[in-house]
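Student: Let me begin by handing over the structure; questions about it come next.
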Amino acid sequence: MMKDQKYTATTMAGLEEVLAQELIKLGADEVQIGRRSVYFSGDLKMLYKANYCLRTALRILVPIDTYKIHSADDLYQRGKNFKWEDLFCIDQTFAIQSIVFSDLFNNSMFASLKLKDAIVDRFRYKFGERPSVNSKNPDILINLHIANEVCTISLDSSGESLHKRGYRLDQNEAPMSEVLAAGLIRLSDWDRKSELIDPMCGSGTIAIEAAMLANGIFPGSVRKNFAFKNWRSFNAQLFSGMEMEVNSNLPEPVRIFASDISRRNIDIAYKNAEAAGVLKLIDFKNSDFRNLEPTSENPFLLFNPPYGERLTPDDTNFYAMIGERLKHHYTNATVWIISTHSCLKSIGLRPSRKISILNGSLECSFRKYELYSGTKKMVADDHVSKE
Ligand SMILES: C[S@@+](CC[C@H](N)C(=O)[O-])C[C@H]1O[C@@H](n2cnc3c(N)ncnc32)[C@H](O)[C@@H]1O
688 MMKDQKYTAT TMAGLEEVLA QELIKLGADE VQIGRRSVYF SGDLKMLYKA NYCLRTALRI
748 LVPIDTYKIH SADDLYQRGK NFKWEDLFCI DQTFAIQSIV FSDLFNNSMF ASLKLKDAIV
808 DRFRYKFGER PSVNSKNPDI LINLHIANEV CTISLDSSGE SLHKRGYRLD QNEAPMSEVL
868 AAGLIRLSDW DRKSELIDPM CGSGTIAIEA AMLANGIFPG SVRKNFAFKN WRSFNAQLFS
928 GMEMEVNSNL PEPVRIFASD ISRRNIDIAY KNAEAAGVLK LIDFKNSDFR NLEPTSENPF
988 LLFNPPYGER LTPDDTNFYA MIGERLKHHY TNATVWIIST HSCLKSIGLR PSRKISILNG
1048 SLECSFRKYE LYSGTKKMVA DDHVSKE
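Numbering (my numbering), first residue to last: 688 to 1074.
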């Protein structure tokens, strides 16, 4: 078994800290935070576990070669000398994803091409035949990272990004990334016991991720495909042993409440929850937030209301309505809302925490409102991401 291999888990800006915490909890060693990534080490089982269990990682990369280059040809030569045949077979397809910050290459496509030629020529030289490239659905995904003269080649053990859990059968017009939803739930102080409410659930991502988290259901139990299953080194027994181990300890069921003004979105969320195996844990309701009453004494709300890139008078009124409704009907509630800075200004409530975070490419703020009837000292602003 591989011992103490170094790995890199990539994530979204602002979620590095929560990802590091997840890794520590899984038992990873040498956990270190980077930019949109967390480095860690562990054995092969840890690699399988990271792919299967992590909720806030996008990919798990396994660095296989790091070296200095002085020309594009250096990339080719070193690539041609690498024993690719130990990692995969001629009849498997491959693809290369590159990120290049270097004057040695005009664009990342050129770097990918150089490495592709090296791999193909290596196989031709060894066996007289070459594997094919499949950029859409490769068996083997190779990650090439060049920063100035330092070149790192990694195997992407995940393949398709891990935010693709496999439960999203359909979506509304503005679905949230599953990784962002899981990250926001972790950034909030939800105790994972009290009912979590998403009153504008859209396709249900926040509710589904919350139900999976609180009920100990790992993303890997829904998603079946990981690139490491195509590697020559894949150990099916080790994988199923890990799967049994992590699924052996189920907590007490925790309920989630999700509602939306759109009947169509509720239907979509319902189907997605069914695919995720959490349908029994979520109560769905087709309701306008203007009429929604809390179901418990200390409600915990986490949601993302609609927003555009620019603030319109409609947005101002809509957010003022949210603020009013919360103030008058949700006394003793803890509320977390993600939206743009300008939309959130119209809410008219004072946040006790603010976290800057990107939703796609849009700069957003994730804010906490504590709606106690008495006065309460507010906590200072807290910027997790400096994006
Ligand atoms: C940005 S989307 C939420 C996306 C969701 N988090 C997901 O992952 O799919 C906002 C949602 O708010 C809903 N909505 C808009 N006005 C509403 C209202 N007054 N009451 C309840 N839901 C509303 C929309 O139908 C839409 O589904």
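From the three backbone atoms N, C-alpha and C, an ideal C-beta is built for every residue, glycine too. Source: prediction; values computed, not measured.
Let me know the secondary structure DSSP gives THR697 once reduced to three states.
Tutor: In this structure, THR697 counts as strand in the three-state DSSP scheme.
Student: For ASN1082, which of SER841, ARG910 and LEU1036 has the nearest alpha-carbon?
Tutor: Outside the modelled stretch of the chain, which goes from 688 to 1074, sits residue 1082, for which no answer is possible.
Student: What runs of the beta strand (DSSP E), each 3 residues or longer, lie entirely inside the stretch 908 to 947?
Tutor: DSSP runs (the beta strand (DSSP E)) wholly in the stretch 908 to 947: 943 to 947.
Student: Can you tell me whether ASN859 sits near ligand 2, meaning its C-beta is under 7 Å from at least one heavy atom of the ligand?
Tutor: The model depicted lacks ligand 2 and carries ligand 1 instead.
Student: Between the stretch 773 to 792 and the stretch 910 to 928, do at least 3 Cβ pairs fall closer than 8 Å?
Tutor: Yes, the stretch 773 to 792 is in contact with the stretch 910 to 928.
Student: If we count Cβ pairs, one from each stretch, closer than 8 Å, do we get three or more for the stretch 928 to 940 versus the stretch 856 to 863?
Tutor: No: the two stretches stay apart, fewer than three of their Cβ pairs being nearer than 8 Å.
Student: Helix or strand or just coil, what does DSSP make of TRP1023?
Tutor: In the structure shown, TRP1023 sits in a strand (DSSP, three-state: E or B).
Student: Taking the beta carbon of LEU734 as the centre, do at least 16 other beta carbons fall within 10 Å, making it buried, or is it exposed?
Tutor: The residue is buried, with at least 16 neighbouring Cβ atoms inside 10 Å.
Student: Which two residues bound the contiguous alpha helix (DSSP H) that contains ARG811?
Tutor: Element bounds for ARG811: 795 to 814.
Student: Residue ranges of each alpha helix (DSSP H) run of no fewer than 4 residues wholly in the stretch 804 to 880, ordered along the chain?
Tutor: DSSP runs (the alpha helix (DSSP H)) wholly in the stretch 804 to 880: 865 to 874.
Student: Express the C-alpha separation of THR1018 and SER1060 in angstroms, rounding to a whole number.
Tutor: SER1060 and THR1018: Cα-Cα distance of roughly 6 Å.
Student: Could you have a look at SER1052 and say whether DSSP puts it in helix, strand or coil?
Tutor: Strand.
Student: Taking the beta strand (DSSP E) that THR753 falls in, what are its first and last residues?
Tutor: From DSSP, the beta strand (DSSP E) with THR753 extends over 746 to 755.
Student: Would the stretch 822 to 836 and the stretch 707 to 718 be scored as touching if the rule is three or more Cβ pairs under 8 Å?
Tutor: No, the stretch 822 to 836 is not in contact with the stretch 707 to 718.
Student: Buried or exposed: where does ARG951 fall if 16 or more other Cβ atoms within 10 Å of its Cβ makes it buried?
Tutor: ARG951 comes out exposed.
Student: Could you tell me how far apart the beta carbons of ILE806 and PHE781 are, in whole angstroms, since I believe they sit closer than 8 Å?
Tutor: Indeed, because the Cβ distance is near 7 Å, the residues count as touching under 8 Å.
Student: Quick check on the DSSP output: the alpha helix (DSSP H) that includes ASN959 runs from which residue to which?
Tutor: Unbroken alpha helix (DSSP H) run through ASN959: 950 to 963.
Student: With DSSP run on the structure shown, which of helix, strand or coil describes ALA894?
Tutor: Helix at ALA894.
Student: Hey, is SER890 close to ligand 1, as in C-beta under 7 Å from one of its heavy atoms?
Tutor: Yes; taking the cut-off as 7 Å, the Cβ of SER890 has a heavy atom of ligand 1 nearer than that.
Student: Return the Cβ separation of THR1027 and LEU1049 in integer angstroms, given the expectation that the two are a contact with Cβ distance under 8 Å.
Tutor: At roughly 7 Å, the Cβ-Cβ gap stays under 8 Å, so THR1027 and LEU1049 are in contact.
Student: With three or more C-beta pairs closer than 8 Å as the rule, is the stretch 801 to 820 touching the stretch 869 to 877?
Tutor: Flag = no, the stretch 869 to 877 and the stretch 801 to 820 do not touch.
Student: Which value, in whole angstroms, describes the spacing of the CA atoms of ARG1012 and ASN1046?
Tutor: Cα-Cα distance, rounded: 25 Å.
Student: Who are the Cβ neighbours of ASP1068 in its own chain at under 6 Å, not counting the five residues just before and after it?
Tutor: Low confidence applies here, because ASP1068 scores a pLDDT of 39, under 50, leaving its location unreliable; read the following figure in that light. If we look at ASP1068 and ignore the five residues flanking it on each side, its Cβ neighbours are LYS1041.
Student: In angstroms, rounded to a whole number, what distance separates the CA positions of PRO818 and ASN830?
Tutor: So the alpha carbons of these two residues sit roughly 17 Å apart.
Student: Is ILE969 near SER890, with beta carbons less than 8 Å apart?
Tutor: The answer is no: Cβ separation not under 8 Å.
Student: How big is the Cα-Cα spacing for PRO825 and SER795?
Tutor: Those two C-alpha atoms are separated by around 19 Å.
Student: How about PRO981: is its Cβ closer than 7 Å to a heavy atom in ligand 1?
Tutor: The answer is no for PRO981.
Student: What three-state label does DSSP hand LEU1058 in the structure shown?
Tutor: DSSP places LEU1058 in strand when its eight states are reduced to three.
Student: Which one of ASP843, LYS1055 and GLN764 has the shortest CA to CA distance from GLY1010?
Tutor: Comparing Cα positions, the closest option is LYS1055.
Student: Using the Cα positions of PRO938 and ALA901, report the straight-line distance between them to the nearest angstrom.
Tutor: Their Cα atoms are separated by approximately 8 Å.
Student: What separation, rounded to the nearest whole angstrom, lies between the Cα atoms of GLU1074 and TYR812?
Tutor: Confidence is the limiting factor: at GLU1074 the pLDDT is only 31, short of 50, which leaves the residue's position unreliable and the question unanswerable from this model.
Student: Looking at the structure shown, is LEU883 part of a helix, part of a strand, or coil, going by DSSP?
Tutor: In this structure, LEU883 counts as strand in the three-state DSSP scheme.
Student: Can you find a heavy atom of ligand 1 that lies under 7 Å from the Cβ of ASP752?
Tutor: No, Cβ of ASP752 sits at least 7 Å from all heavy atoms of ligand 1.
Student: Around the C-beta of GLY928, are 16 or more other C-beta atoms found within 10 angstroms, so that it is buried, or is it exposed?
Tutor: By the neighbour-count rule (16 or more Cβ atoms within 10 Å), GLY928 is not buried but exposed.
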